[in-house]
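2 protein chains.
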Amino acid sequence: MSDKPAEPATSPEIVAGNGLLHRRLFLTQGAALVGTGGLALLAARPAGAETLTVPTWTKTIGAPMSGYGVPSKHEGKVQRIVRPGAPGAPGTGGSRTPLELVNGTITPAGLHFERHHNGIPDIDPAQHRLVIHGKVKRPLSFTVESLLRYPTVSRIQFLECSGNSALGWAREAPQQSVGSIHGLLSCSEWTGVPLSVLLDEAGVEPGAAWVLAEGADSAAMSRSVPLAKALDDAMVALWQNGERIRPEQGYPMRLFLPGFEGNMSVKWLRRLQVNDAPTMTRDETSKYSDLMPDGKSWLFTFTMGVKSLITSPSQGFRMQGPGLYEISGLAWSGAGKIRRVEVSADGGQTWGEAALTDPVLSKSLTRFRMAWRWNGGPAILKSRAIDETGALQPTRDELITQRGERSNYHYHGIQPWSIAATGEVTNVHA
Amino acid sequence: MSDKPAEPATSPEIVAGNGLLHRRLFLTQGAALVGTGGLALLAARPAGAETLTVPTWTKTIGAPMSGYGVPSKHEGKVQRIVRPGAPGAPGTGGSRTPLELVNGTITPAGLHFERHHNGIPDIDPAQHRLVIHGKVKRPLSFTVESLLRYPTVSRIQFLECSGNSALGWAREAPQQSVGSIHGLLSCSEWTGVPLSVLLDEAGVEPGAAWVLAEGADSAAMSRSVPLAKALDDAMVALWQNGERIRPEQGYPMRLFLPGFEGNMSVKWLRRLQVNDAPTMTRDETSKYSDLMPDGKSWLFTFTMGVKSLITSPSQGFRMQGPGLYEISGLAWSGAGKIRRVEVSADGGQTWGEAALTDPVLSKSLTRFRMAWRWNGGPAILKSRAIDETGALQPTRDELITQRGERSNYHYHGIQPWSIAATGEVTNVHA
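Each protein sequence line maps, in turn, to chains A and B.
First residue of the first sequence? That's 1 in our numbering, and the numbers climb one at a time after it.
First residue of the second sequence? That's 431 in our numbering, and the numbers climb one at a time after it.
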């Protein structure tokens, strides 16, 4: 077969400019194609002698079972993108989920992004204590074992560092992968004890309005959390994707605040102090605040904005000739569920609706998929998400008009990718 | 505080005998308790000097980031339960998910159960081919790279070996953990190409009704799949929980048949042959069939029955004195969604409805939770699930009445756990 597959006998309906096709291709698991001539040998080749040839690995007894499995040796390149902090600050920095190398919505724990302020503490879970104190009737101390006695909840939800996508603010679009730019973003099934239950055990005093959360790392990373959030959907998380939380995610326990900027979900949680007012810690004043054009700063930008990314194709990919492609990406919002994702193949002139993969969960990653027939010419791909509150993901220009160019945090503008006639995919401001 | 916590000021409503409480305790994330006096110091202790004492691990810079994370060294006991096959058959056997040590519904890939017939083949993904042949218009060959061009779908669904829980057939209830008895059960987010799309590329001939699926392991494990299932929700899975499928799960690709007995989801998939009739392979005749009391056998029992298990407390646990406990477990059905789970604390005389954790997905694991005030006396805990077709999980006696005692497969009877006044939890037929 050639690089240019024949047109299908029955083409799916075109829904937007430059070859975007109706999402039913994905809503029906492809069944809509059956009987229509299908994808007309999109990438398959005629079967030859391999049907009868027994592979070498079938001729010998395979490897035995193991207590705890690891990825294939052929997938060694699938690693977090590690970015150490400043020289002389060995415990600082971040590592990013390689979003271009994963699929679905769950992030395996081994690839969950990291952001540490002074390294991963080596905590003995038998010695660790979580203390609730301050404006409470009964200051309390919890061991890991005692927390395991309390009611638990489980939720599949995203965590995104407020500094994610900060390169979006740069005047030149960086030629880095989608994981390298946007990979301070992961999604897990978190299981833990509702914080409301623990605060109720301690008995919050009238007038209290904030809770200081402090970690046991040597940065003593600490943030002020509104009491309303603490009593709403906050949890003290003990499990991640079924197993106990990994060391770099806060072992043996972390705060988890669905939809809020990542660093408020304090890892290695050791102390919750109920207060009248925010504590104005280093990590919520000099850091994690956004400098506005008028010289003032935004503080307490807790809820992560509605956002989406096309992960395939994306920077660094190379198209394999004209024909049908799946455009695949992720959408999320700190405010709730994703209502709709739209994709453009003509730089934003026209938009078509993408298929959302069930289940669409609140404050979670939603995988979207769309069929695209690339004609081999230049194209600009974009996605934009709308959440259940009606909020629409802004363009980069709209963000800069609103907030200037000196924010380090909370970038959630549309991410365009440019497709060249050569098949090369690059990052552009467009 | 003593081992006997005080009664809460306002007790949640009792819904069934021997202390089962209304599920609202879990439906509202515990918020129902706030202001009521809560759990009255269920397990917390008054805070002391630890509030001000800085732990040793906070005083030194922590560990650096890593490309691929691993569990805490303190969780080394959380391993699959490995059961090699017969002596002289090194590639056979199974390993089980330690269901008593995990929580939520997602199984981390490292703990997903294994069942191998001749070990894990060492497949070079660049050399691997999937061939579709037989009664098709165009026999086709797919590389991994070519499959990546096709539309993909993602679903969170369970996989259960048809031999799971086989010890349920034993006349003596075995004193083994819930994972040891029932751990040939795991749940992942699977992402891959709908098989209907690939069969459509090949063009199924009229009259075809079955598809033989064969693995590239040295057992050439093979099963016949009804064409209707292949065109419904079957997929060729390439990713598991976001990353590429692990070697022991079929790297680089496996068949995945939601709700069907596990071994039909053929791993290391190398061949799909479209046929008029089932092939009657070794693995669907001498194995994976159920001997009935009249000497005949059940063949082709594909859909896994509706089932549930209490994972906490369960065999080997020790209760920590009278008081409030969370009963937690898993429910699933090969026929669709779980509609309802009921729990009994009096051996099945009375039943209360458990809280189901959202999202309740089709052919997936559903975590259920229920509050129980243990009075310190003997108790028998049971759970039973009802699925969306109305099917009710049977008792062990009902299963034996229907099917005799010579089935090795498809056990899905109710699992009772006995609580002694000493706090010891044991397995019983009751």
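Just so you know, even glycine gets a beta-carbon here, dropped at the ideal spot from N, CA and C.
Model, not experiment: these values are computed from the prediction.
Whole beta strand (DSSP E) elements within the region 688 to 720 of chain B, 3-residue minimum: Segments of the beta strand (DSSP E) lying fully in the region 688 to 720 of chain B: 699 to 705.
Three CB pairs or more closer than 8 Å across the region 714 to 726 of chain B and the region 736 to 755 of chain B: They do not touch, by the three-pair rule.
Practice item. Whole angstroms is fine: what's the gap from A:H74's alpha carbon to B:P555's? Key: The count along the first sequence starts at 1 and reaches residue 74 of chain A at position 74. The count along the second sequence starts at 1 and reaches residue 555 of chain B at position 125. One Cα belongs to A:H74, the other to B:P555, and the distance between them is close to 8 Å.
message: Suppose you measure from the CA of B:N448 to the CA of A:S364; what does that come to, to the nearest Å?
response: Taking the first residue of the second sequence as 1, we reach residue 448 of chain B at position 18. Taking the first residue of the first sequence as 1, we reach residue 364 of chain A at position 364. Each residue's alpha carbon lies about 38 Å from the other.
Note down the Cα distance separating B:A461 from A:S196, rounded to an integer number of angstroms. Residue numbering aside, residue 461 of chain B sits at position 31 when the second sequence is read from its first letter. Residue numbering aside, residue 196 of chain A sits at position 196 when the first sequence is read from its first letter. Any reading at B:A461 is ruled out, since the residue's pLDDT is 43, under 50, leaving its predicted position unreliable.
>> Taking its Cβ as the centre, do 16 or more other Cβ atoms sit within 10 Å of A:M280, making it buried, or is it exposed?
In response: For the purposes of this step, residue 280 of chain A is taken as the residue at position 280 of the first sequence. It counts as exposed.
message: Check whether the region 533 to 550 of chain B and the region 148 to 164 of chain A are in contact - that is, three or more C-beta pairs closer than 8 Å.
response: Touching, per the Cβ criterion.
- [ ] Going by CA-CA distance only, name the one from B:Y841, B:I816, B:E818 and B:G820 that's closest to B:E828.
- [x] As a working note, residue 828 of chain B is residue 398 in the second sequence. When each option's Cα is compared against that of B:E828, the closest is B:Y841.
CB-CB under 6 Å to A:L255, same chain, minus the five flanking residues each way: which ones, in chain order?
Counted from its first residue, the first sequence places residue 255 of chain A at position 255. A213, S265, V266 and L269.
(message) Cutting at 6 Å between CB atoms, please list the residues of its own chain near A:L185, excluding the five before and the five after it.
(response) To locate residue 185 of chain A, count along the first sequence from 1; it is residue 185. Counting only Cβ-Cβ distances below 6 Å, and skipping sequence neighbours, we find E160 and N164.
B:L541: which of A:R244, A:S407, A:R403 and A:H112 sits nearest, CA to CA?
Reading the second sequence from its first residue, position 111 is the one you call residue 541 of chain B. Cα-wise, what sits closest to B:L541 is A:R244.
Beta-carbon contacts of A:T422 that lie in its chain and below 7 Å, excluding the five residues immediately before and after: Looking up residue 422 of chain A in the first sequence gives position 422. Close CB contacts of A:T422 within its chain, under the 7 Å cut and outside five residues either way in sequence, are absent.
Between which two residues does the beta strand (DSSP E) containing B:V773 stretch?
The sequence position of residue 773 of chain B within the second sequence is 343, counting from 1. First-last of the beta strand (DSSP E) with B:V773: I768 to S774.
Minimum C-alpha distance to A:V69 - residue among B:I768, B:V608, B:S525 and B:D630: Counting from one through the first sequence, the residue named residue 69 of chain A turns up at place 69. Note that residue 69 of chain A is Gly in the sequence shown, not Val. Residue B:S525 is the option with its Cα nearest to A:G69.
| Selected residue, minimal CA-CA separation from B:G806, among B:L754, B:W781, B:T856 and B:A815 | Your numbering for residue 806 of chain B matches position 376 in the second sequence. Closest option to B:G806, Cα to Cα, is B:L754.
**Report entry** 7 Å Cβ cut-off: residues of chain A touching B:T489
**Finding:** Stepping through the second sequence from its first residue, residue 489 of chain B is reached at position 59. According to the sequence shown, residue 489 of chain B is Lys rather than Thr. Ordered by position in chain A, the residues that pass the 7 Å Cβ test against B:K489 are S218.
key: Cα-Cα separation, A:L167 to B:S610   = For the purposes of this step, residue 167 of chain A is taken as residue 167 along the first sequence, with counting starting at 1. For the purposes of this step, residue 610 of chain B is taken as residue 180 along the second sequence, with counting starting at 1. Near 49 Å, if we compare the C-alpha coordinates of B:S610 and A:L167.
* Asked: If you draw a straight line from the C-alpha of B:R545 to the C-alpha of A:G259, how long is it?
  -> Against the second sequence, residue 545 of chain B aligns to sequence position 115. Against the first sequence, residue 259 of chain A aligns to sequence position 259. Roughly 39 Å between the two C-alpha positions.
Check: Hey, would you say A:R45 sits closer than 7 Å to B:S774, going by beta carbons?
Finding: The sequence position of residue 45 of chain A within the first sequence is 45, counting from 1. The sequence position of residue 774 of chain B within the second sequence is 344, counting from 1. Cβ atoms of A:R45 and B:S774: not closer than 7 Å.
Could you check the C-alpha separation between A:L21 and A:R369 for me, to the nearest Å? As a working note, residue 21 of chain A is residue 21 in the first sequence. As a working note, residue 369 of chain A is residue 369 in the first sequence. Rounded to whole angstroms, A:L21 to A:R369 spans 11 Å at the Cα level.
Can you confirm whether the region 759 to 774 of chain B touches the region 702 to 709 of chain B when touching is taken to mean that 3 or more C-beta pairs between the two stretches lie within less than 8 Å?
No, the region 702 to 709 of chain B does not touch the region 759 to 774 of chain B.
- Query: Is DSSP giving B:R833 helix, strand or coil here?
  - Reply: As a working note, residue 833 of chain B is residue 403 in the second sequence. In this structure, B:R833 counts as helix in the three-state DSSP scheme.
| Reference A:G347; option with closest CA among A:S362, A:N241 and A:I414 | Your numbering for residue 347 of chain A matches position 347 in the first sequence. Across the set A:S362, A:N241 and A:I414, the C-alpha of A:I414 shows the shortest separation from the C-alpha of A:G347.
Are the CB atoms of B:K767 and B:V736 within a distance shorter than 7 Å? Position 306 of the second sequence, counted from the first residue, corresponds to residue 736 of chain B. Position 337 of the second sequence, counted from the first residue, corresponds to residue 767 of chain B. No, they are not a contact pair.
- Give the single residue among A:M319, A:K382, A:P378 and A:D358 whose Cα lies nearest to the Cα of A:T350. The residue labelled residue 350 of chain A in the question sits at position 350 within the first sequence. Residue A:K382 is the option with its Cα nearest to A:T350.
Quiz item: Any idea if B:V634 is buried or exposed, counting beta-carbon neighbours within 10 angstroms, 16 or more meaning buried?
Solution: Position 204 of the second sequence holds residue 634 of chain B. If you draw a 10 Å sphere on the C-beta of B:V634, you find 16 or more other C-beta atoms in it, and that means buried.
Classify B:L657: buried if its beta carbon has 16 or more other beta carbons within 10 angstroms, exposed otherwise. For the purposes of this step, residue 657 of chain B is taken as the residue at position 227 of the second sequence. Burial check for B:L657: the Cβ neighbour count within 10 Å reaches 16 or more, so the residue is buried.
| task | Go ahead and label A:R149 buried or exposed: buried means 16 or more other beta carbons lie within 10 angstroms of its beta carbon, across all protein chains shown. | result | By 1-based counting over the first sequence, the position of residue 149 of chain A is 149. Classification of A:R149: buried, given that the 10 Å Cβ count is 16 or more.
Residue span of the alpha helix (DSSP H) that contains B:E575, given as start and end: Numbered from 1 along the second sequence, position 145 holds the residue referred to as residue 575 of chain B. For B:E575, the enclosing alpha helix (DSSP H) stretches over residues V574 to L577.
Inspect the CB distances between the region 636 to 650 of chain B and the region 561 to 577 of chain B and report whether three or more fall short of 8 Å.
Contact between the region 636 to 650 of chain B and the region 561 to 577 of chain B is present, because at least three Cβ pairs lie under 8 Å.
Quiz item: Does the beta-carbon of A:L33 have 16 or more other beta-carbons within 10 angstroms, so that it is buried, or is it exposed?
Solution: Within the first sequence, the letter at position 33 stands for residue 33 of chain A. Since pLDDT at A:L33 reaches only 46, below the 50 mark, its modelled position is unreliable, and the value read off the structure follows with that caveat. Looking at its Cβ environment, which holds 16 or more other Cβ atoms inside 10 Å, A:L33 is buried.
Please report the distance separating the alpha-carbon of B:W620 from that of B:S607.
Taking the second sequence and counting its residues from 1, the one referred to as residue 620 of chain B is at position 190. Taking the second sequence and counting its residues from 1, the one referred to as residue 607 of chain B is at position 177. Cα-Cα distance, rounded: 27 Å.
*For A:Q240, which three-state DSSP category applies?*
The residue you call residue 240 of chain A lines up with position 240 of the first sequence. Three-state DSSP puts A:Q240 in a strand.
On a CA-only basis, which of A:G93, A:E13 and A:A43 is nearest A:G321? Give me that one, please.
As a position in the first sequence, residue 321 of chain A is number 321, starting the count at 1. Residue nearest to A:G321 within the set A:G93, A:E13 and A:A43 is A:A43 (criterion: CA-CA distance).
Notebook entry, point to check: Mind checking if A:V82 is an interface residue toward chain B, Cβ cutoff 7 Å exclusive?
Noted result: On the first sequence, position 82 is the one that residue 82 of chain A refers to. Yes, its Cβ sits closer than 7 Å to a Cβ of chain B.
Self-check item: Continuous alpha helix (DSSP H) stretch holding A:E388: start and end
Solution: Start at 1 with the first residue of the first sequence, and residue 388 of chain A comes out as number 388. For A:E388, there is no enclosing alpha helix (DSSP H), as DSSP marks it with neither H nor E.
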